[in-house]
Amino acid sequence: MSAGGRVLAVPATADRDYPALDRSVRDGFAIRAADIPGPFKVSGEVRAGDAALVELHPGEAIEIMTGAPIPAGADSVVMIEHVTRDNGNIRHEQAATEGQFISRRGEEARAGQILVDAGKRLDYSDLAVLASAGRASVSVFAKPRVAILATGDELVDISAIPQSHQVRNSNVYSLACQVARAGGLPEVLPVARDQEQHTRELIERALTADLLLLSGGVSAGKYDVVERVMADLGAEFFFDRVKIQPGQPVVFGRVRDRFFFGLPGNPGSTMVTFEIFARAALELLAGQKESVLPFALGRLTEPFEHKPGLTRFLPARLTGLGDLARVPWKGSSDIPAISRANAFLVADADRERWNAGDTMPVLLK
Ligand code: AMP
Ligand code: MG
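Counting from 13, one number per residue, gives the positions in the sequence shown under the working numbering.
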């Protein structure tokens, strides 16, 4: 029960054929297709849970329920809705093919076959498969520990009453939620001041975790010290700028054998860059074989224009019918707008204008 959401470490195989015998997928009658249209003499019944003991002879029909074993001698099932009754006999006027409404032994899986691969994040259908195969316990990968380190002299704890020049440290909360959702164990560190020595001390503490997420301190400002501190620690940088908005200054690297992301501190940038980059890294680190961003397509309810050059991820609402509307927002710090959105529309860097009715990809929240 507790394996849902965890990543399977050892493949799970089928303990027997699925289904274990030929069985009916309809309520009706087991017959021989060659005897159609009848009349058929109803010679017995077989229910789900009965062992396959009854036998069908030419000209006979055996009443059968969904899930019940196909009697020996029968080669098809006809639906109860399609038979007519006539003095204890039945008739079936429509044609029927051999094998219809029969689920064959082993057609879903053969004994010994892999049912769920290692590296799969277990969803509800996987739990049903494992339960069917009698797997009361399974091996899963440990959750990666993810250190979350916010930087910024303006930050105060959420229990504080901030002065007008201060903001509450909300990023560690959104990140902890995103980390948990992606299968990691969030560990929030104290806020690092915008000062090299203090930031370095906290990064060194954070490096006991499997992955490090920093928020803030990666822009071009004089007090954005994260990259400098990382370079001093001998970090390797894979990228430190991406042509997206929000989130352009995002940094990805490795330091002392640990991967880290320097996520820009504006809350919208932090959220979007986590989803686009850090989430995949975390999922792969957690043992998943693949990581897929949840994109969908929406139909714009209004025209949309932007300045080409950057791919933009903007808060939007997608309805159940596929209509896509922007949520007005004032930029990367506008958390209430992101909260009202259920997706980010994705505006291609190479295109300037979309008309109402055009489709556009969205990244689901
Ligand atoms: P930075 O990326 O460090 O330049 O931060 C940009 C802006 O994001 C800051 O001016 C803050 O308003 C905001 N910010 C940074 N860190 C956080 C945080 N942990 N929680 C909420 N807002 C933040
Ligand atoms: Mg800062």
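Each residue gets a CB set at the ideal place from its N, CA and C atoms; glycine is no exception.
Remember, predicted model here, so these are calculated numbers, not experimental data.
message = By the DSSP assignment, the alpha helix (DSSP H) with residue 215 in it spans what residues?
response = 208-218
ask   = Buried or exposed: where does residue 104 fall if 16 or more other Cβ atoms within 10 Å of its Cβ makes it buried?
value = buried
task = If I'm right that residue 160 touches residue 187 with Cβ under 8 Å, what's the distance once you round it to whole angstroms?
result = 5 Å
query = What do you reckon, is the C-beta of residue 236 under 8 Å from a heavy atom of the ligand AMP?
reply = yes
request  = Would you identify the three-state DSSP class for residue 49, choosing helix, strand or coil?
outcome  = coil
request  = Have a look at 298, 230, 112, 359 and flag the residue whose alpha-carbon is nearest the alpha-carbon of residue 7.
outcome  = The requested residue 7 is not part of the displayed model; the chain covers only 13 to 377.
message = Going by C-alpha to C-alpha distance, which of 96, 338, 261 sits closest to residue 232?
response = 261
message = Within the continuous alpha helix (DSSP H) that includes residue 101, where are the two ends?
response = First-last for residue 101: 101-103, but that is the beta strand (DSSP E), not the alpha helix (DSSP H).
key: Segment limits, beta strand (DSSP E) that includes residue 90   = 88-91
ask   = At what residues does the alpha helix (DSSP H) containing residue 75 begin and finish?
value = Taken as a continuous stretch (DSSP letters only), residue 75 belongs to no alpha helix (DSSP H), being part of the beta strand (DSSP E) at 72-76.
ask   = Taking the C-alpha atoms as reference points, what is the distance between residue 194 and residue 313?
value = 32 Å
ask   = According to DSSP, is residue 170 helix, strand or coil?
value = coil
request  = Indicate, with yes or no, if the ligand AMP has a heavy atom lying under 8 Å from the CB of residue 213.
outcome  = no
At least 3 beta-carbon pairs within less than 8 Å: the segment 240-258 vs the segment 314-333 = yes
request  = Kindly indicate if chain D contains any beta-carbon less than 9 Å away from that of residue 148.
outcome  = Protein chains in the displayed structure number just one, and chain D is not present.
Euclidean distance between Cα positions of residue 138 and residue 339 = 36 Å
task = Note down the Cα distance separating residue 121 from residue 221, rounded to an integer number of angstroms.
result = 40 Å
key: For residue 17, the nearest candidate out of 198, 175, 192, 293 (CA to CA)   = 192
ask   = Cα-Cα, which of 149, 210, 352 is closest to residue 337?
value = 352
inquiry  = Is residue 188 close to the ligand ADP? I mean its beta-carbon at under 8 Å from any heavy atom of the ligand.
reply    = The ligand ADP is not part of the structure shown, which contains the ligand AMP and the ligand MG as its ligands.
query = Would the segment 235-242 and the segment 286-303 be scored as touching if the rule is three or more Cβ pairs under 8 Å?
reply = no
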